[in-house]
Amino acid sequence: MPTMNEPVESDKLRRQEEGMHSVSARDTHVGQVTGVGGEKVSAIRDGNAILRFLVGLESRIDKLSAFEAMGIERVPDEQRRPPQRLNMLLFWFSVLLSPTLIPIGMLGPILGLSVNVSIVLTITATIVGSAVPAFTATLSPPTGLRQIAVARYSLGLWGAKLCSVLNVVVNIGYATIASIVGGQLLRAVSGGGLPLAVGIVVVVAVSFAVSFFGYAAIHHFERFAWLPASVLLCVLYGQASAHFSPTPGYDVGIGLDFSGACLTYFAVIFGVCCSWCPISGDYYIHYPASTSPWLVFGLTYAGIVLPTVFVGILGNYFGGIISSSEQLGAIYAEGGVGSLILAVMSPPTAWAKFACVLFVLSFREYPPGHIPLQLVVINVFVLTRYSTVGDVVCNIYSSALSMQLLGSHFVAVPRYAWCTVLSLATFGLAYGGRNVLETIINNLLSMLGYWTLAFAAILFVEHFWFRPRIGGYDLTAWQDPQRLPWGLAGTASLLIGIGFSFLGMDQTWYVGPVAKPIGVHGGDVGDELTVISVLLSYPLLRCASRLIESDLTDVPSAALLLFVAYHHRIATHAPHHLAIAPLSASSIPVSALLRSSSTFGAPRPQVNMAEQDRRPTAVRGVIIHATGPEHLTILEDALLAVDANGTIISLEAGVSRQDVAPKLAALGLDLDNCRLVELCPGQFLIPGFVDTHNHAPQWMHRGLGQGMHILEWLSSTAFPNEARYEDLEHAGAAYSALVDGMLRQGVTTASYYGSLHGEATQVLADICLDKGQRALVGKCNMNRGSPDYYRDASVEDSVRVTRDCIHHIRRIDPSGSMIRPVLTPRFAISCEPKLLAELGTMAAEHPDMAIQTHFNESEQEVRGTRALFPDFSSEADLYHHYRLLGPRTILAHCTIMTPYEIRRLRDLGCGVAHCPTANMTVGGGFMAAPIREFMRQGITVGLGTDSGGGYSSSMLNAMRHALIASFARDFMDAKDGSGALSLEEVFYMATGGGARVVGFGDSVGDFVPGKQLDALLVDMRESRGGVNAPLQAGDSLRIMFEKFIMTGDDRNIVQVVVRGKVVLDRT
1 MPTMNEPVES DKLRRQEEGM HSVSARDTHV GQVTGVGGEK VSAIRDGNAI LRFLVGLESR
61 IDKLSAFEAM GIERVPDEQR RPPQRLNMLL FWFSVLLSPT LIPIGMLGPI LGLSVNVSIV
121 LTITATIVGS AVPAFTATLS PPTGLRQIAV ARYSLGLWGA KLCSVLNVVV NIGYATIASI
181 VGGQLLRAVS GGGLPLAVGI VVVVAVSFAV SFFGYAAIHH FERFAWLPAS VLLCVLYGQA
241 SAHFSPTPGY DVGIGLDFSG ACLTYFAVIF GVCCSWCPIS GDYYIHYPAS TSPWLVFGLT
301 YAGIVLPTVF VGILGNYFGG IISSSEQLGA IYAEGGVGSL ILAVMSPPTA WAKFACVLFV
361 LSFREYPPGH IPLQLVVINV FVLTRYSTVG DVVCNIYSSA LSMQLLGSHF VAVPRYAWCT
421 VLSLATFGLA YGGRNVLETI INNLLSMLGY WTLAFAAILF VEHFWFRPRI GGYDLTAWQD
481 PQRLPWGLAG TASLLIGIGF SFLGMDQTWY VGPVAKPIGV HGGDVGDELT VISVLLSYPL
541 LRCASRLIES DLTDVPSAAL LLFVAYHHRI ATHAPHHLAI APLSASSIPV SALLRSSSTF
601 GAPRPQVNMA EQDRRPTAVR GVIIHATGPE HLTILEDALL AVDANGTIIS LEAGVSRQDV
661 APKLAALGLD LDNCRLVELC PGQFLIPGFV DTHNHAPQWM HRGLGQGMHI LEWLSSTAFP
721 NEARYEDLEH AGAAYSALVD GMLRQGVTTA SYYGSLHGEA TQVLADICLD KGQRALVGKC
781 NMNRGSPDYY RDASVEDSVR VTRDCIHHIR RIDPSGSMIR PVLTPRFAIS CEPKLLAELG
841 TMAAEHPDMA IQTHFNESEQ EVRGTRALFP DFSSEADLYH HYRLLGPRTI LAHCTIMTPY
901 EIRRLRDLGC GVAHCPTANM TVGGGFMAAP IREFMRQGIT VGLGTDSGGG YSSSMLNAMR
961 HALIASFARD FMDAKDGSGA LSLEEVFYMA TGGGARVVGF GDSVGDFVPG KQLDALLVDM
1021 RESRGGVNAP LQAGDSLRIM FEKFIMTGDD RNIVQVVVRG KVVLDRT
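Just so we're aligned, residue 1 is where the sequence shown starts under the working numbering, counting upward by one.
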């Protein structure tokens, strides 16, 4: 979620509570177009003086808090706002509680149906037709995309462009009808003194003003506009009831004539409801991806059904009125709906008087050219709260977005400029068609319903059938022609649907061959033929197009894995000069290797722990630690006392040399029996680093395959190399080098993923204990999603080997003070449901055992998970279902998070292993986890190197990259610096925060008395030969610390201490 400074945040929260989901330059740069094609759009704008002026004007207007600067850009999840549930309902109330629906409902009796039959058809068609836009609306919150943009995943770029054109035609058609009705109403209220053309101008002008400001203004307007509209419509119902005919209308009779009229009127009402489907999701893009689709569907459905039925039935009665009353029929023929409304509300009874106050205070007639200003002002008020503005606003706004979806040159024109152009077009069409409203309605509405129904049917099949089988929606590809489907199937099915609709349509200008025999005037069955033809054609064409296009996103994973397996087979059977050579040709037995003091000829940088002094230790000098994300403590002349077991007894600052002996004596320690370490200037002590996420078998191939997508990298780089750990000599050599290397870089505690091999994982645990590094060690569980040569043989085998590893680790370290087992399902896509269930059972059997897994690492991984587990809308729900989420859980990466998932992690007490190095180099894009939001929510975050995914195993680099990633995240989100991390925070993540994440927070992470001493002695003096920024005279202790964090490396770490014992000494 974007972060703001305090006044802005408070203001946004206030507007949010009012339903004004503001989108402005604080969320998206004015004029900025991101993603594929962004540079082309920028070039178009830069090369055109008019466009440069428009963008500059947009920048100035954007200073208004409620102005929407963004256009069709996808809204990232962190910029979403919590849904205002009531607003989702009232939005549609305001749009549809409009007199626009009255002339539409009148068509039933006009076509020859009785009022009662018309009412039944109005209700039935509305109930059926409203389900269509309610469904399409559910697609925008998960994607953050406008409705037509979502269609790119089924119709491709060009098919979606066709839909954009049709959508503009639909919307401007409705806006034209609404403008004419609004103009008629204003003319009627003014007693004919206000020309119809002027009334249309007023309607369009007010609508333009609201649509000009965009999303926030529309939601604010529509949230309240329904209330006076509903009151006035109730007044109209009551006043008009005196004119309702006791014999409701007339019938055409029975048989085909009656059936034809019913079908035609049903098509009109169905078309009215269905036609919202290309724009219904446009108003939900700021709702979180975790918003329940049933909530969206239900509130949208109710919001469309209730007002449509309410006003539509009123229209049915009005149709009966003009059919049964010659006088009112003549008034309607001369002045339209507006005059009819005014006529049925005369004489001014109590009901009418109340309405008159809201209309124009009186029904006096004013001569042309002598209309009081008061009347004009009140007319505008009535218009904005009662007539048709809500309808026109939405149509103009969504049409502007559809124009931008037509291509780069159209995107280059700002949204507000398109609103201006389309408002002018609406006025021109409304003015030209002001005297033929019935013809427009009868010919336009039912015809427009055809293509929107075909559009929705294609999205329905794509969403529920194809997307779950091809990994969901790749949201990074929504404007990339190379990664989107060609859309041949969708476009062809759309055209097929439209073609079949011509066979069954019944219009005044054309009657299809299927519609013609249904009664003397025909019967419209275009909708029925449309949906049948699309549901039959699209699945077949989509399957065929996947074969033709050879879309990589549609390649079955089995084929990919077959290729990888084949590649591995070639590598292992290749000539010697092509094969990957073993790490060493040594034939040293594994048993000797595990207890050896050297690693294949390399000197082991370790002090023999058996020979170390077991006396208490006192350290005096500069000591730095962090007890919280914002609590960095730099102590000068500090005295740190540690007992013989490595437990910190005391920490006190400002202790002189003369005071050391008395201080120790007060603690019960004799200076003669203590080891006293005096730190030199340029040296300081910090807690040992904690690597919360490290793949032990990837140590030997760090840095390989950078820039690949995560699943591609696993298949081509990680899995073949990890498979070699079946060889225990290779495993022993590699793991020994790993632990030595990690200790050299100051990692005193690590959470290791082993390979899937149980014996090799046990070797890793033995080496960590032997070399004195704290560690969580887990056998990797994975029985699918990887090549046959590298996966668990079965669920039972995976569980058995895991239990053996747990038993071994608890045998070699019963207290768990150094080495602990950890359950390690690699990630969901590597585990069958049965395996996850078995691991959940194991977790319940061992309530003190940690659990680690990958979580929302990349778009590709998220899509794969959703495809394999379609019953779960998020990984949070998936892992929680299998009892694998809780305070013991370490979730690596967490880069693609919804607000719902963040709250779930917070409520369940999970820890996050932030791996910025890997997230910026492997995975398929720059992925910056929302660390600031995690910390705001109280989620504990540690740092991980993710070594081999991350090219560097240095925790210093992890801290630096965490800073860089947070700066980038802040630039993408708040742009005010509040999202960026501080040096204090990343240092805490690398020490105390990481210790809490991996479950050692009570033992290590800082120098609080009672914890064990895991520490690094840092030497910043030039004599160390490092490349750190040199210390200068006058440098403060804080500057010395910063120079180490930002420019130091492992050469500055001269001693590593675990449990009070030196495990590496380079002094």
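All C-beta atoms, glycine included, are put in the ideal place defined by N, C-alpha and C.
key: First through last residue of the alpha helix (DSSP H) which encompasses Glu845   = 833-845
For Glu636, the first and last residue of its enclosing beta strand (DSSP E) = 632-642
ask   = In angstroms, rounded to a whole number, what distance separates the CA positions of Val531 and Arg883?
value = Take the alpha-carbon of Val531 and the one of Arg883: they are about 43 Å apart.
key: Thr991 to Thr300 span [Cα, whole Å]   = So the two alpha carbons sit approximately 49 Å from each other.
task = For Ser339, count neighbouring Cβ atoms within 10 angstroms of its own Cβ and tell me buried if that reaches 16, exposed if not.
result = buried
key: Host alpha helix (DSSP H) of Leu96 (start-end)   = 85-96
key: alpha helix (DSSP H) runs wholly inside the stretch 639-671, at least 4 long, in chain order   = 657-666
message = On the DSSP letters alone, give me the boundaries of the alpha helix (DSSP H) that Arg774 sits inside.
response = Segment 774-778 is the beta strand (DSSP E) holding Arg774; no alpha helix (DSSP H) there.
request  = Could you check what DSSP says for Ala125 in three-state terms: helix, strand or coil?
outcome  = Here Ala125 sits in helix by DSSP.
Arg1059, DSSP secondary structure in three states = coil
inquiry  = Using a 10 Å radius around the Cβ and a threshold of 16 neighbouring Cβ atoms, would you call Ser533 buried or exposed?
reply    = buried
ask   = Considering Gln147, what are the terminal residues of the alpha helix (DSSP H) in which it resides?
value = 147-150
message = In the DSSP assignment, the alpha helix (DSSP H) including Asp788 goes from what residue to what residue?
response = Looking at the DSSP string, Asp788 is not in any alpha helix (DSSP H), and its letter there is neither H nor E.
message = Which residue wins for smallest C-alpha separation from Phe213, given the options Thr1067, Ser398, Gln479?
response = Ser398
message = Tell me the rounded alpha-carbon separation between Arg1024 and Gln683.
response = 11 Å
ask   = Within 10 angstroms of its Cβ, does Ala733 collect 16 or more other Cβ (buried), or is it exposed?
value = By the neighbour-count rule (16 or more Cβ atoms within 10 Å), Ala733 is buried.
query = What residue does the alpha helix (DSSP H) around Gln852 start on, and which one ends it?
reply = Here Gln852 belongs to no alpha helix (DSSP H); instead the beta strand (DSSP E) covers 850-855.
task = Decide if His701 is buried, meaning its Cβ has at least 16 other Cβ atoms within 10 Å, or exposed.
result = buried
query = Starting from His625 and walking both ways along the beta strand (DSSP E), at which residues does that stretch end?
reply = 617-626
Alpha-carbon to alpha-carbon, Gly329 and Arg238 = With the sequence shown as reference, residue 238 is identified as Gly, and Arg is not the correct amino acid for it. About 20 Å.
ask   = Taking the alpha carbon of Ser114 as the point to measure from, which residue in Gly281, Ile313, Trp294 has its own alpha carbon closest?
value = Nearest option by C-alpha distance: Ile313.
message = Between the alpha carbons of Lys161 and Arg774, how many angstroms are there, rounded?
response = Taking the straight line from one Cα to the other gives about 59 Å.
task = Reducing DSSP to helix, strand and coil, say where Ala559 ends up.
result = Legend: pLDDT at Ala559 = 39, less than 50; position of this residue unreliable, no value from coordinates given.
inquiry  = Is it buried or exposed, Val95, if we count other Cβ atoms within 10 angstroms and call 16 or more buried?
reply    = buried
query = With distances taken from CA atoms, which of Gly703, Phe1000, Ala837, Cys277 is nearest Met920?
reply = Gly703
His576 versus Met989: straight-line alpha-carbon distance, rounded = Reliability of the predicted coordinates at His576 is poor, the pLDDT of 32 falling under 50, and the value obtained from them is presented with this limitation in mind. His576 and Met989: Cα-Cα distance of roughly 45 Å.
task = Alpha carbon to alpha carbon, how far is Asp797 from Arg826? Give it in angstroms, no decimals.
result = About 16 Å.
task = With DSSP as the reference, label Arg604 as helix, strand or coil.
result = Note on Arg604: pLDDT 32, under 50, position unreliable in the model; the coordinate value appears next. Arg604: coil per DSSP, three-state reduction.
message = I want to know whether the stretch 513-532 touches the stretch 450-461 - three or more CB-CB distances under 8 Å.
response = yes
request  = Output yes or no for whether 8 Å exceeds the beta carbon distance between Phe244 and Tyr332.
outcome  = Taking a C-beta distance under 8 Å as the contact criterion, Phe244 and Tyr332 do not qualify as a contact pair.
Pair within 8 Å by beta-carbon distance, Val41 and Ala412 = Result yes, Cβ atoms of Val41 and Ala412 sit closer than 8 Å.
request  = With DSSP as the reference, please indicate the residues paired to Arg675 in a beta bridge.
outcome  = Thr617
task = Spell out the partners DSSP gives Ile686 in its beta bridges.
result = Leu1016
Enclosing alpha helix (DSSP H) for Ser207 [first to last residue] = Segment 196-213, the alpha helix (DSSP H) holding Ser207.
request  = Express the C-alpha separation of Asp637 and Arg620 in angstroms, rounding to a whole number.
outcome  = 6 Å
ask   = Does the separation of the CB atoms of Leu1016 and Gly746 fall below 8 Å?
value = yes
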